[in-house]
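Those protein sequence lines, which keep their order, are chains S, G, L and F. Residue numbers are given in this note's numbering: position 122 of the first sequence equals residue 122, and the series is strictly consecutive. Residue numbers are given in this note's numbering: position 30 of the second sequence equals residue 173, and the series is strictly consecutive. Residue numbers are given in this note's numbering: position 41 of the third sequence equals residue 327, and the series is strictly consecutive. Residue numbers are given in this note's numbering: position 8 of the fourth sequence equals residue 437, and the series is strictly consecutive.
Protein chains: 4
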Amino acid sequence: MSERSCFLHTRTVRFGECDPAGVVYYPVFFNWFHETMEAWFEAELQLSYAEAIERFGFPAVETSAQFRRPISMGEKIDIQLRVEKMGRSSVLLGFTIFDKQQELKASGQVRCVCIQVDQEGFQFSAMEIPDFLREEMKRFTVL
Amino acid sequence: MSERSCFLHTRTVRFGECDPAGVVYYPVFFNWFHETMEAWFEAELQLSYAEAIERFGFPAVETSAQFRRPISMGEKIDIQLRVEKMGRSSVLLGFTIFDKQQELKASGQVRCVCIQVDQEGFQFSAMEIPDFLREEMKRFTVL
Amino acid sequence: MSERSCFLHTRTVRFGECDPAGVVYYPVFFNWFHETMEAWFEAELQLSYAEAIERFGFPAVETSAQFRRPISMGEKIDIQLRVEKMGRSSVLLGFTIFDKQQELKASGQVRCVCIQVDQEGFQFSAMEIPDFLREEMKRFTVL
Amino acid sequence: MSERSCFLHTRTVRFGECDPAGVVYYPVFFNWFHETMEAWFEAELQLSYAEAIERFGFPAVETSAQFRRPISMGEKIDIQLRVEKMGRSSVLLGFTIFDKQQELKASGQVRCVCIQVDQEGFQFSAMEIPDFLREEMKRFTVL
Numbered sequence: 001m002s003e004r005s006c007f008l009h010t011r012t013v014r015f016g017e018c019d020p021a022g023v024v025y026y027p028v029f030f031n032w033f034h035e036t037m038e039a040w041f042e043a044e045l046q047l048s049y050a051e052a053i054e055r056f057g058f059p060a061v062e063t064s065a066q067f068r069r070p071i072s073m074g075e076k077i078d079i080q081l082r083v084e085k086m087g088r089s090s091v092l093l094g095f096t097i098f099d100k101q102q103e104l105k106a107s108g109q110v111r112c113v114c115i116q117v118d119q120e121g122f123q124f125s126a127m128e129i130p131d132f133l134r135e136e137m138k139r140f141t142v143l
Numbered sequence: 144m145s146e147r148s149c150f151l152h153t154r155t156v157r158f159g160e161c162d163p164a165g166v167v168y169y170p171v172f173f174n175w176f177h178e179t180m181e182a183w184f185e186a187e188l189q190l191s192y193a194e195a196i197e198r199f200g201f202p203a204v205e206t207s208a209q210f211r212r213p214i215s216m217g218e219k220i221d222i223q224l225r226v227e228k229m230g231r232s233s234v235l236l237g238f239t240i241f242d243k244q245q246e247l248k249a250s251g252q253v254r255c256v257c258i259q260v261d262q263e264g265f266q267f268s269a270m271e272i273p274d275f276l277r278e279e280m281k282r283f284t285v286l
Numbered sequence: 287m288s289e290r291s292c293f294l295h296t297r298t299v300r301f302g303e304c305d306p307a308g309v310v311y312y313p314v315f316f317n318w319f320h321e322t323m324e325a326w327f328e329a330e331l332q333l334s335y336a337e338a339i340e341r342f343g344f345p346a347v348e349t350s351a352q353f354r355r356p357i358s359m360g361e362k363i364d365i366q367l368r369v370e371k372m373g374r375s376s377v378l379l380g381f382t383i384f385d386k387q388q389e390l391k392a393s394g395q396v397r398c399v400c401i402q403v404d405q406e407g408f409q410f411s412a413m414e415i416p417d418f419l420r421e422e423m424k425r426f427t428v429l
Numbered sequence: 430m431s432e433r434s435c436f437l438h439t440r441t442v443r444f445g446e447c448d449p450a451g452v453v454y455y456p457v458f459f460n461w462f463h464e465t466m467e468a469w470f471e472a473e474l475q476l477s478y479a480e481a482i483e484r485f486g487f488p489a490v491e492t493s494a495q496f497r498r499p500i501s502m503g504e505k506i507d508i509q510l511r512v513e514k515m516g517r518s519s520v521l522l523g524f525t526i527f528d529k530q531q532e533l534k535a536s537g538q539v540r541c542v543c544i545q546v547d548q549e550g551f552q553f554s555a556m557e558i559p560d561f562l563r564e565e566m567k568r569f570t571v572l
């Protein structure tokens with residue numbers, strides 16, 4: 001029986017990420033989702049995101065987020081990543097953000113598509129997610 | 144019969160908004176949505192966003208976006224804003240981004256809620272959108 | 287007798303550029319300097335910055351800034367660019383930021399070096415600034 | 430004899446911090462300087478930066494940086510902070526950035542001034558750095 005779990009990325013909310021209302025400026029959440037995905041590649045997927053994008057691109061094609069409660073400067077937050085759906089060339093990543101009291105702050109989804117890269121740069125046409133990567137990613141599908 | 148239309152914000156894509164793939168880093172789109180909303184307040188709603196947030200807050204509580212085609216550094220883009228739904232204390236804003244050849248690049252929605260602000264700062268409890276503002280905003284509902 | 291002048295870039299300070307103190311987060315000033323340089327290429331130097339970086343790179347190697355007075359959300363600002371020094375492969379750009387009452391808000395300098403780019407990407411070795419570009423830039427040296 | 434040392438902040442360079450040349454977009458360095466200062470407050474100065482700015486402001490009034498070598502996406506970097514000069518109401522912070530091979534990548538200086546904050550928000554007039562904070566900071570002056 002395979003063990004399945006989400007990936008956890010922890011960070012502190014920074015001054016420059018907050019707006020004049022004293023709370024996180026909402027576009028920053030998507031930056032955190034991307035950062036969490038990069039940390040996940042490095043820690044769990046056998047190749048870093050930097051290595052990955054020499055072999056293929058992995059752009060977001062669709063995203064959404066719900067902001068439940070404001071997050072303030074200096075807060076420590078946990079960002080959980082899980083794989084909500086694996087397709088042939090795309091993957092739907094789910095994110096949830098909690099504070100240290102386990103209160104849900106925000107959640108979101110990002111659909112990424114695997115695309116070709118060649119010497120001319122990124123080609124925005126889909127390719128299949130490489131098998132080894134799909135296998136690693138599957139460990140983070142949560143039923 | 145009142146005239147209804149969308150609000151148009153035009154800008155150039157900047158170097159610092161693009162990533163190593165040479166295209167816009169996707170969290171930046173949400174920054175553009177917010178910038179467009181601020182420009183809309185200034186140009187059309189009788190009070191600037193800076194003035195508005197002295198009287199009430201207007202945070203995003205939910206958002207989504209679809210990225211159709213990559214956007215490159217230096218491109219001129221048109222960002223259209225329309226009001227998709229007016230509630231008592233919230234408004235759903237719709238955004239579409241086109242390049243100069245009228246090709247659809249991206250679209251998105253942001254739901255903002257009007258909240259109270261007092262001397263202690265923002266109170267994250269909803270209030271009704273002020274009448275004068277609702278009337279101005281309604282001009283941008285597109286049927 | 288050639289006419290010499292500075293280049294003027296005007297913009298509005300955005301919500302997402304301000305911090306919990308309600309004023310511009312200082313790293314943003316450098317983003318504005320870069321944005322102003324890009325606008326200068328487009329408007330005055332016969333090739334856009336996007337076109338330029340297909341032929342050579344133009345990274346900052348040194349920079350400094352002085353922040354005189356805080357700048358708040360919603361302010362309209364004028365950013366002036368001038369060429370303070372032209373070298374063979376580098377140029378020293380000077381920036382000053384004023385509000386609409388002509389009050390000096392901030393100033394800065396950025397030294398950029400022209401570097402080679404080839405099919406493998408940017409090569410971080412200096413090259414001479416192309417003659418046509420040097421001639422255009424010289425129009426913005428202020429004595 | 431008191432022990433003196435610099436403060437070390439370690440982080441990974443993220444995709445969204447790099448530009449179309451594939452290297453760190455230079456305004457991001459100043460964001461890192463600020464982040465490092467915040468981490469220093471939390472770890473070493475007896476009060477977090479979030480707590481600090483409820484009692485006083487600490488804005489940058491002057492800064493400079495030298496970018497020696499490009500830094501790429503995915504690199505692990507060490508950012509060292511030291512106190513170069515302690516004044517009555519200001520402090521000059523020095524930063525150096527190294528990669529994991531101990532190669533110097535960039536350096537910079539930021540002068541911050543302690544300012545008053547009251548119920549109306551930040552007042553941009555200088556105040557003396559509180560004694561307890563000055564004593565803590567002094568541990569990071571490097572001769």
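Ideal placement from N, C-alpha and C gives every residue a C-beta, glycine not left out. Just so you know, these numbers come straight off a predicted model, no measurement behind them.
{"Asked": "With F29(S) as the anchor, note down where its alpha helix (DSSP H) starts and where it stops.", "Found": "P27 to E44"}
{"Asked": "Tell me whether T153(G) is buried or exposed, calling it buried when 16 or more other Cβ atoms sit within 10 Å of its Cβ.", "Found": "exposed"}
{"Asked": "Would you list, in chain order, the members of the region 206-229 of chain G that have their beta-carbon closer than 9 Å to a beta-carbon of chain L?", "Found": "S215, M216, G217 and E218"}
{"Asked": "Give the straight-line distance between the Cα atoms of V310(L) and S125(S), rounded to the nearest whole angstrom.", "Found": "40 Å"}
{"Asked": "Measure the beta-carbon distance from Q80(S) to L8(S) and round it to whole angstroms, keeping in mind my assumption that it falls under 8 Å.", "Found": "6 Å"}
{"Asked": "Excluding the 5 residues flanking V347(L) on each side, which residues of the same chain have their C-beta closer than 6 Å to its C-beta?", "Found": "R397 and V399"}
{"Asked": "What first and last residue would you give for the alpha helix (DSSP H) that runs through L276(G)?", "Found": "D274 to K281"}
{"Asked": "So that I know if they touch, is there some Cβ in chain F lying closer than 7 Å to that of S125(S)?", "Found": "no"}
{"Asked": "Using a Cβ-Cβ cutoff of 7 Å, what residues of the region 9-31 of chain S are near chain F? List them in chain order.", "Found": "R14, F15, G16 and N31"}
{"Asked": "Would you mind telling me which residues of chain G sit closer than 7 Å to E321(L), beta carbon to beta carbon, in chain order?", "Found": "R157"}
{"Asked": "Give me the chain C residues within the contact set of S191(G), using Cβ-Cβ distance strictly less than 7 Å, ordered along the chain.", "Found": "Among the protein chains in the structure shown, which are S, G, L and F, there is no chain C."}
{"Asked": "For the region 167-181 of chain G against the region 326-337 of chain L, are there 3 or more C-beta pairs whose distance is under 8 Å?", "Found": "no"}
{"Asked": "Given I500(F), which residues of its chain have a CB within under 8 Å of its CB, disregarding the five upstream and five downstream residues?", "Found": "V442, V452, V453, I506, I526, D528, K534 and A535"}
{"Asked": "Would a check of beta-carbon distances place V490(F) closer than 7 Å to chain L?", "Found": "yes"}
{"Asked": "Are any of the Cβ atoms in chain L nearer than 7 Å to that of G486(F)?", "Found": "yes"}
{"Asked": "Taking DSSP's pairing of strands, which residues face V377(L) in a bridge?", "Found": "M372(L) and C398(L)"}
{"Asked": "Along chain L, in chain order, which residues have C-beta atoms closer than 9 Å to that of I482(F)?", "Found": "P306 and A307"}
{"Asked": "Under 7 Å between the Cβ atoms of F470(F) and V546(F)?", "Found": "no"}
{"Asked": "To the nearest angstrom, how far is the alpha carbon of L562(F) from that of V571(F)?", "Found": "17 Å"}
{"Asked": "Look at the alpha carbon of E246(G) and the alpha carbon of R212(G), and state the distance between them as a whole number of angstroms.", "Found": "9 Å"}
{"Asked": "Kindly indicate which residue of R517(F), A450(F) and M515(F) has the alpha-carbon position closest to the one of A338(L).", "Found": "A450(F)"}
{"Asked": "In chain order, what residues of the same chain have a beta carbon less than 7 Å from the beta carbon of I401(L), not counting five sequence neighbours either side?", "Found": "F342, G343, P345, F408, Q409, F410, S411, A412 and M413"}
{"Asked": "With a threshold of 7 Å on Cβ separation, who are the neighbours of C149(G) within its own chain once the five nearest residues in sequence on each side are excluded?", "Found": "Q223, L224, R225, F283 and V285"}
{"Asked": "Could you tell me which of E160(G), I272(G), H177(G) and E178(G) sits nearest to K228(G), measuring between CA atoms?", "Found": "I272(G)"}
{"Asked": "Is the beta carbon of F158(G) less than 7 Å from the beta carbon of D560(F)?", "Found": "no"}
{"Asked": "Could you give the residue range of the beta strand (DSSP E) that holds R440(F)?", "Found": "F436 to T441"}
{"Asked": "Using the rule of at least 16 other Cβ atoms within 10 Å of the residue's Cβ for burial, across every protein chain shown, is A39(S) buried or exposed?", "Found": "buried"}
{"Asked": "Short of 9 Å Cβ to Cβ, which residues in the region 99-110 of chain S face chain F?", "Found": "none"}
{"Asked": "Report the rounded CA-to-CA distance for T179(G) versus E218(G), giving the unit in angstroms.", "Found": "17 Å"}
{"Asked": "Would you grab the beta carbon distance between Q244(G) and T206(G) for me? Rounded to a whole angstrom, and I think it's under 8 Å.", "Found": "Incorrect: roughly 27 Å between the Cβ atoms, too far for contact."}
{"Asked": "When we look at the beta-carbon of E160(G) and count the other beta-carbons within 10 Å, is it buried (16 or more) or exposed?", "Found": "buried"}
{"Asked": "Report the rounded CA-to-CA distance for E34(S) versus E421(L), giving the unit in angstroms.", "Found": "Note that residue 34(S) corresponds to His in the displayed sequence, not to Glu. Taking the straight line from one Cα to the other gives about 43 Å."}
{"Asked": "Take E54(S) and list the residues in its own chain whose beta-carbon comes closer than 8 Å to its own, dropping the five residues that flank it on each side.", "Found": "V117"}
{"Asked": "What residues from chain S crowd round E467(F), counting only those whose CB sits closer than 7 Å?", "Found": "R14 and F15"}
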